[in-house]
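Numbering (full-length UniProt numbering), first residue to last: 1 to 496.
What follows is a set of notes on a single structure, which appears directly below.
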């Protein structure tokens, strides 16, 4: 089966430019977004022409990732193909091995192997892509979409401040701040927080030696010689040093909020840096999925309870569902930022993933941050406007920035506290506890379809013991998987 994707510069028959399609709907009608079986290039061209549109170009397919769809083709990058996987390819690693063999046979360069989503990422020529798309054992070929941090979260303004962040001061109380932070003696010691971001300056004094080297998507084989330097955008094992301090400090800031001694929630947790965004603040879908897989594998090797913190995202729903669901199944909870577009979080990824904890942002007056995404996909809110934490210019450098990226690690830090307090809790129990702890109905300015829950972590509160002692309900059931990417165990995918 081949899926035709059409593009138009105007709305036609109710479909906007770059409309998504559903490969499970059989339709040979001319409407944009219809799905069409067994079509040649010429037939696909005719279908789009009949709708007053055209086939999308390769460039549109790549830029269209931000809109959450995906279109093609241009004889170079052909439309997505979708067929049932062979029974021999139902296992993730076997699927990856089969895809690797097919990709190597046509001269494609392998970037990442992604068994959790039964996919690989490749660099391939148009000719190679055509050959791969002609292979009906390959479920889909999609663009490797780019993720870019917002400019507002990448400023390089620097300062030196020992002042307590109002964010951690706020979450230890049901109302207001008092100029101090009380972690109730629960520091998160014995837990791991994986910061999937731009890298971390692990030598910063705020970490007190608790931040460790991890992995970088720019050198996935963990070979320093293959990683380049900060000028290429990637740092070895995700570690920012004095020599590479021109890298963006976003990841260091988030790590400091989650587990810093002065600015962080869980001052005893171990921070692991996983660089999935380069020094300029951009990365790819495949690189982020590879980072999730590395974090899960590393936590299993260490044998310690873990949380993934992802202060990143982009347009398009459900892009990371399969990888986050696989991490959940392995006992690792993902905490993610809702996004900064003042829009429906369900239209963004990974914010739309049901098994992730999606975090919106609040101000120091308990109002919704004007930039914060909202809607039914938001699970909880945390301080995100004007948050002070570590930065990368030196080992004492700090800065103050705003975003749901700053709210996310507050929640990851509390999740680490719970993981340390109850190491046998699974991700579903951690999520239940976070929501049970939260302060209800205190945030102003929220749309009616958005949960009004503010992060709270005074673990001396007797009521919270009831939250921790309550049996965990079954984890939420994820929705039917989107067309791309497939859920684990369903089919094979090759990302370009």
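Cβ atoms here follow ideal geometry from the backbone N, Cα and C, with glycine treated the same way.
*At what residue ranges does the stretch 195 to 221 contain a whole run of the beta strand (DSSP E), taking only runs of 3 or more?*
211 to 216
*Considering only the beta carbon of each residue, do residue 188 and residue 260 sit closer than 8 angstroms?*
no
_Best match in 179, 306 and 116 for proximity to residue 426 [C-alpha to C-alpha]_ = Nearest of 179, 306 and 116 to residue 426, Cα basis: 306.
*For residue 275, which of helix, strand or coil comes out of DSSP?*
Secondary structure of residue 275 (DSSP, three-state): strand.
*Which stretch, first to last residue, makes up the beta strand (DSSP E) that contains residue 468?*
Taken as a continuous stretch (DSSP letters only), residue 468 belongs to no beta strand (DSSP E), being part of the alpha helix (DSSP H) at 462 to 469.
*What's the C-alpha gap between residue 355 and residue 192?*
19 angstroms
*Please look up how many angstroms separate the CB atoms of residue 265 and residue 413, rounded, as I've assumed it's under 8 angstroms.*
The Cβ separation is near 3 angstroms, so the contact holds.
*Does the distance from the C-beta atom of residue 431 to that of residue 366 stay below 8 angstroms?*
Annotated as distal: residue 431 and residue 366, with beta-carbon spacing of 8 angstroms or more.
*asked:* Using a Cβ-Cβ cutoff of less than 7 angstroms, which residues in the same chain neighbour residue 400 once the five nearest sequence positions on both sides are dropped?
replied: 386, 387 and 388
_Taking 7 angstroms as the cut-off, is the C-beta of residue 191 nearer than that to any heavy atom in the ligand ADP?_
What this structure holds is no ligand at all, so the ligand ADP is not there to describe.
*Exposed or buried, residue 102, counting other C-beta atoms within 10 Å across all chains shown (16 or more means buried)?*
buried
*residue 427 lies in the alpha helix (DSSP H); which residues open and close that run?*
427 to 437
*If you run the structure through DSSP and keep just helix, strand and coil, what is residue 384?*
coil
*Chain-order list of residues whose beta-carbon lies under 6 angstroms from that of residue 170 (same chain, five-residue window excluded)*: 177 and 383
*asked:* On the DSSP letters alone, give me the boundaries of the alpha helix (DSSP H) that residue 252 sits inside.
replied: 250 to 259
*Tell me which same chain residues have a C-beta within less than 6 angstroms of the C-beta of residue 123, skipping the five on either side of it?*
109
*asked:* I want to know whether the stretch 339 to 358 touches the stretch 368 to 375 - three or more CB-CB distances under 8 angstroms.
replied: Three or more beta-carbon pairs separated by less than 8 angstroms link the stretch 339 to 358 to the stretch 368 to 375, which places the two stretches in contact.
*Looking at C-beta atoms only, is the number of pairs between the stretch 414 to 424 and the stretch 313 to 323 that lie closer than 8 angstroms three or more?*
no
*C-beta contact flag for residue 350 and residue 332 at 8 angstroms*: Going by C-beta atoms, residue 350 is not nearer than 8 angstroms to residue 332.
*Near residue 364, which residues of its chain fall below 6 angstroms by C-beta distance, leaving aside the five closest residues on each side in sequence?*
Cβ contact annotation for residue 364 (same chain, cutoff 6 angstroms, sequence separation greater than five): 166, in chain order.
*Taking the alpha helix (DSSP H) that residue 96 falls in, what are its first and last residues?*
92 to 105
*Curious, which full-length alpha helix (DSSP H) runs of at least 4 residues does the stretch 280 to 320 contain?*
285 to 302
*asked:* Along the chain, where does the alpha helix (DSSP H) containing residue 414 start, and where does it finish?
replied: In the DSSP annotation of this structure, the continuous segment of the alpha helix (DSSP H) that includes residue 414 starts and ends at 404 to 421.
_Quick check: the Cα distance between residue 329 and residue 295, rounded to an integer number of angstroms?_
14 angstroms
*Beta-carbon gap between residue 181 and residue 308 smaller than 8 angstroms*: no
*Check whether the Cβ atoms of residue 144 and residue 286 lie closer than 8 angstroms to each other.*
In this structure, residue 286 lies closer than 8 angstroms to residue 144 by Cβ.
*Nearest neighbour of residue 362, chosen from 397, 379 and 403 [CA to CA]*: 403
*asked:* Give me, in chain order, the residues of the same chain whose beta-carbon lies closer than 8 angstroms to that of residue 447; leave out the 5 immediate sequence neighbours on both sides.
replied: Excluding positions up to five away in sequence, the list reads 374 and 375.
*Expressed to the nearest angstrom, what Euclidean distance is found between the alpha-carbon atoms of residue 112 and residue 250?*
24 angstroms
*asked:* Measuring only the C-alpha atoms, how far is residue 120 from residue 104?
replied: 11 angstroms
_Give me the DSSP bridge partner(s) of residue 235._
In DSSP, residue 235 forms no bridge with anything.
_Close Cβ partners of residue 150 (< 6 angstroms) along its chain, the five nearest in sequence each way excluded_ = 340
*asked:* If contacts are defined as beta-carbon pairs under 8 angstroms, then residue 237 and residue 213 qualify, I think. What distance do you get, rounded to the angstrom?
replied: 4 angstroms
*Use the C-beta contact count for residue 424: other C-beta atoms within 10 angstroms, 16 or more gives buried, fewer gives exposed.*
Per the 10 Å Cβ criterion, exposed.
*asked:* Could you tell me the alpha carbon to alpha carbon distance between residue 196 and residue 452, rounded to whole angstroms?
replied: 27 angstroms
*Do you know whose CA, among 267, 218 and 224, lies nearest residue 282's CA?*
Ranked by Cα distance from residue 282, the first of 267, 218 and 224 is 218.
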